[in-house]
Structures are given as structure tokens and as C-alpha cells.
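Since the structure comes first, as C-alpha cells, the remarks are kept for the end.
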Amino acid sequence: MERHITLGEFIIENQKDFPYAKGELSALLSSIRLAGKVVNQQINKAGLAEILGKAGKENVQGESQAKLDVMANDVFVDTLRNRGEICGLASEELEDFLVFDDEIHKKAKYVVLIDPLDGSSNIDANITVGTIFSIYRRVSKEGSPATLEDFLQPGTKQVAAGYLIYGTSTILVYTTGKGVNGFTFDPGIGSFFLSHPAIIFPPKGITYSINEGNYVHFPDGIKKYIKWVQQFDEKENRPFTSRYTGSLVADFHRNMLFGGIFLYPEGTTAPKGKLRLLYEGNPMAFLAEQAGGKATDGFNRIMEIEPEELHQRVPFICGSKEMVEKAEEFL
Ligand code: AHG
Ligand code: MN
Ligand code: MN
Ligand code: MN
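Taking full-length UniProt numbering as reference, the numbering of the sequence shown is continuous, increasing by one, and the terminal residue is 331.
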């Protein structure tokens, strides 16, 4: 690997893209990088540190929390609170958003929304997990405490978004609206290095990712689309290949690098699907679009949906542009 540009250098170098920014966004991205390093280190030794297994509580999503869900949430909350760049934070693991309302934080311009540990059902099996983050400029007045409106903004208002993928290597991928770049962590040195510059979502691919066990619950259009991807067509490389990990970050990352489509549609048991608009849908949609891909709920652009509540769910179809458009034809 060529170790030319560190994430820290890249963040500073690109600060000039924001002529009015005074460096707060750069500092915030650096805080996320730090929290990511801590979570990475914990996950790496999870089997030795007795932090596998369930925490014994349910989160607001009605899911049983893993110990690492709680740990990753605490690391991000504490790391971001210890610095002065955000006035509030919302998390998949917390029922309400947090307001950081001492003098330094009240003056901050940004709020963060996180999925601290994505794919947490996979942790105990040593399968790839991730962290997803989304950053907005507050709409409430600087100097006052953060309000719900700061968090309920459509995805088009994101100023940055990204994820960490804790896989065969740990990679941080992010966008500030000027393309998508990925940085691989070198654990020996303790730094992230630019390894995936200007990522492009291939316009099409041959991989589809969906939990097909839910087939019976899917809308007719999705059922027909699945039959279509499985049909033989030599010219179009069908049937496609099925790849589904149960970690959105992992499925998204693979599809973005090699081409593919991810679908988590609505079903009768999950009327709006499972994925959360604010912690999963919007950040992944922002990354997808910035790389030339597409994200929709089947009918609307994900990033244009007006959020009504923090933990709102959304049907999510995301991936290579031509593949997403093909799926939409069936709906
Ligand atoms: P989380 O672990 O943050 O709750 O997210 C899990 C999500 C997502 O990562 C994955 O794509 C999907 O849930 C898997 O759901 P199913 O097990 O229903 O397929
Ligand atoms: Mn969860
Ligand atoms: Mn998730
Ligand atoms: Mn999660």
C-alpha cells in the first residue's frame, strides 16, 4: 500500500472547499475518526474482552441490544461530547436525542446522527460490522440548545456523511458533497491512509442483496423483480449473484466498489421496511449519489423525504443507478 495521504491531511487539505467554514467540520470529522479508532480496537479484541453477547436490554427499535451496540454508542457520545463541535446527537440506540448544552456546545453549528454499530447481529460470528454517521448544520439559533428540528432535516441538507467498515481491514469512507473517498486504517501506525480515492459506483453490476427469507411478505413488484434477476439471460449476465450479509455497511461497500443493488423493502410485518431513514437511509443515499449511484424508497428519492420522527423507517433500494432504475420499473 502506498502511504501518501493520511485522513487528517486530506481533511485539512479539503477544508478550502468550504470558504466560510472555520475548521469546525474538519475538527468534527477528526473526532469521528478518533471514535472510530476506539471502536475498531474494542471490536478487534471483543472475544477476549468479554464484550460479546447481549446487553440484556431492548433499544427503542424493539431490538435486543448487543454489548457492543452499547459500547460503540458510548464511545461516540463521549468522544463527541468531549469536544466542542456539536450541539446535539441522535443515535439508533437512544430513545431521545442528546442536547449538549453547556456554553461551548451551545455555540456549535452541527448535529450528528449515528448508527453506532451496524450489523450488530453479526458481531458474535466475527462477521463485518460498521458505524454510519450523518452530519447536519443546525437550523436552530447558535447559542441556544439543539432542538428536534435540527435532527429532522431531509437528507439533502447533510453536510457530510460516511461510515466505518470493520472488515478484513478497517476503512473509513466519507463525503462532504464533493465525491466519495475511502481511507484504510494501518493498525501498526495508527493512521488512516487514502486507499480509495474518488470512488465511482459502477452504473450496473451483477450482484443483488436482499433478505429473501421475507419473500412472502414483499409487495408484488419486488417479488416480480426478484424473479426477473433470477431469470436466465446470457446477454444481460442473468441470473445475478446473491450476496447478503445482514450488515448494510458491508453490502453497500461491496456494491459500491463492484456494482450491485441492495433492497430492504416494506413487508406486512415491517410496513415501512426495517432500515432507519436518519441513521441508515440518508447517509448511505448521500454516499451513493456522490459516487454516481442512486437511492430510493421505490417511488421517492430517499434524501428528499421529509422526516417526521427520529426513528422513522423507510423502504430502501440503493445501488448502481441502472439497477435501481430497473427495480423501480417493477414497482
Ligand atoms: P443494526 O445492526 O444497526 O440494527 O442494523 C441492521 C440492519 C442492516 O445492517 C441490515 O442490512 C439489516 O438490518 C438486516 O436485517 P435482517 O436481519 O432483517 O435481514
Ligand atoms: Mn440495531
Ligand atoms: Mn444499522
Ligand atoms: Mn446499529
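We put the beta carbon where it would ideally sit given N, CA and C, even for glycine. A quick note: this is a predicted structure, and the numbers were derived from the prediction, not measured.
Residue i, DSSP secondary structure in three states
i: Lys326; result: helix
i: Tyr279; result: helix
i: Phe10; result: helix
i: Thr176; result: coil
i: Arg81; result: helix
i: Arg33; result: helix
i: Glu24; result: helix
i: Gln290; result: helix
i: Gln65; result: strand
i: Ala49; result: coil
Inter-residue spacing [alpha-carbon to alpha-carbon] between residue i and residue j
i: Ser195; j: Phe185; result: 9 angstroms
i: Lys106; j: Val216; result: 49 angstroms
i: Ile86; j: Val159; result: 13 angstroms
i: Tyr136; j: Phe151; result: 8 angstroms
i: Leu148; j: Glu236; result: 47 angstroms
i: residue 350; j: Ser121; result: Since the first and last residues shown for the chain are 1 and 331, residue 350 lies out of range.
i: Asp69; j: Phe133; result: 14 angstroms
i: Val39; j: Val139; result: 30 angstroms
i: Glu322; j: Ile104; result: 46 angstroms
i: Leu277; j: Val111; result: 16 angstroms
i: Glu304; j: Phe286; result: 11 angstroms
i: Leu28; j: Gln231; result: 47 angstroms
i: Asn59; j: Asp233; result: 45 angstroms
i: Ala198; j: Leu257; result: 11 angstroms
i: Ile51; j: Met284; result: 28 angstroms
i: Ala66; j: Lys54; result: 4 angstroms
i: Ser64; j: Lys16; result: 43 angstroms
i: Val180; j: Ala288; result: 9 angstroms
i: Ile43; j: Cys318; result: 27 angstroms
i: Ser191; j: Val314; result: 35 angstroms
i: Ser169; j: Pro187; result: 9 angstroms
i: Asp101; j: Asn82; result: 12 angstroms
i: Arg3; j: Ile189; result: 11 angstroms
i: Gly273; j: Phe316; result: 7 angstroms
i: Phe193; j: Glu142; result: 34 angstroms
i: Leu113; j: Glu328; result: 28 angstroms
i: Glu13; j: Lys157; result: 23 angstroms
Opposing strand residues paired with residue i [DSSP bridges]
i: His196; result: Gly182
i: Cys318; result: Phe262, Ala295
i: Ile86; result: Tyr110
i: Val99; result: Gly88
i: Arg301; result: Thr296
i: Lys54; result: Ala66
i: Arg313; result: Arg276
Residue i at chain B interface by Cβ criterion, 8 angstroms
i: Ala66; result: Among the chains of the structure shown, chain B does not appear; only one protein chain is present.
Original post:
Where in the segment 101–174 do unbroken runs of the alpha helix (DSSP H), each at least 4 residues long, occur, reported from the N-terminal end onward?
Top reply: Taking only runs of at least 4 residues, the alpha helix (DSSP H) segments lying wholly in the segment 101–174 are 103–106, 148–151.
Original post:
What are the complete beta strand (DSSP E) segments, minimum 3 residues, inside the segment 205–287?
Top reply: Counting whole runs of 3 or more residues, the segment 205–287 contains the beta strand (DSSP E) stretches 207–209, 261–264.
Subject >> Segment contact, 8 angstroms Cβ cut-off, at least three pairs: the segment 115–135 with the segment 244–264 >> reply: At 8 angstroms Cβ cutoff, the stretches touch.
Original post:
Do three or more CB pairs link the segment 262–277 to the segment 216–230 at distances below 8 angstroms?
Top reply: Contact between the segment 262–277 and the segment 216–230 is present, because at least three Cβ pairs lie under 8 angstroms.
Subject >> the segment 225–243 contacting the segment 163–179, beta-carbon criterion three pairs below 8 angstroms >> reply: No, the segment 225–243 is not in contact with the segment 163–179.
**OP:** Take every Cβ of the segment 293–311, pair it with every Cβ of the segment 122–132, and state whether three or more of those distances are shorter than 8 angstroms.
**Re:** In this structure the segment 293–311 does not lie against the segment 122–132, because fewer than three pairs of beta carbons, one per stretch, are closer than 8 angstroms.
Original post:
Should the segment 199–214 be called in touch with the segment 312–326, which here means at least 3 C-beta pairs below 8 angstroms?
Top reply: By the Cβ test, the segment 199–214 is in contact with the segment 312–326, since at least three Cβ pairs between them sit closer than 8 angstroms.
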